[in-house]
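Using this note's numbering, the letters of the sequence shown correspond one by one to residues 11 to 127.
Note sheet for the following structure.
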Amino acid sequence: MQKFEARATKRFLPGSPRKMRLVIDMIRGKSVAEAMALLKFNPKHAARDAEFVLRSAYANLEDKHENARFDMDDAKVAAAFVNGGPMLRRISPAPMGRAYRIRKRMNHLTIVVQSVS
């Protein structure tokens with residue numbers, strides 16, 4: 011049987027890539043149904059964005075191949091990775107006329123979903 015593949019990308023997500031990788035490492039290689047359950051009940055804020063992208067990747071898989079039927083258990087997360095995005099640099103006042111830098115980080119999230127059968 012032929013393996014189908016689809017991907018979804020969300021760019022410029024607020025939050026550091028390091029925190030997003032903690033969530034993404036849990037779902038890599040799992041079935042889509044299991045990954046959805048893990049993300050749904052994960053208390054981390056990054057899990058909501060990851061769940062959104064995973065749903066989009068699964069919808070892309072179904073939409074890309076209309077004549078093929080996929081179940082969430084028949085699809086798996088083939089690849090998931092997080093890349094760093096641009097940083098917003100802000101200045102915070104500090105004592106004695108100094109200033110501290112605040113770096114507000116962003117990340118780019120990509121999830122690839124593949125049919126098992």
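Note that beta-carbon positions come from the ideal geometry of N, C-alpha and C, so glycine has one too.
Going by C-alpha positions, Pro-53 is about 10 Å away from Val-33. Distance from the CA atom of Gly-95 to the CA atom of Thr-120, rounded to whole angstroms, is 12 Å. Look at Ser-102 here: in three-state DSSP terms it is strand. Closest in alpha carbon position to Met-116, among Val-92, Ser-125, Ala-109 and Ser-102, is Val-92. Beta-bridge analysis with DSSP links Gln-124 to Glu-15 and Lys-86. The shortest C-alpha to C-alpha distance from Val-63 to any of Val-42, Ser-102 and Ser-127 is the one to Val-42. A straight line joining the alpha-carbon of Lys-29 with that of Ala-56 spans about 7 Å.
According to the DSSP assignment, Lys-74 belongs to the alpha helix (DSSP H) that extends over 56 to 74. Cβ-Cβ separation between Val-126 and Asp-84: approximately 5 Å, consistent with a contact (criterion under 8 Å). Under the three-state reduction of DSSP output, Ala-78 falls in the coil class, being neither helix nor strand.
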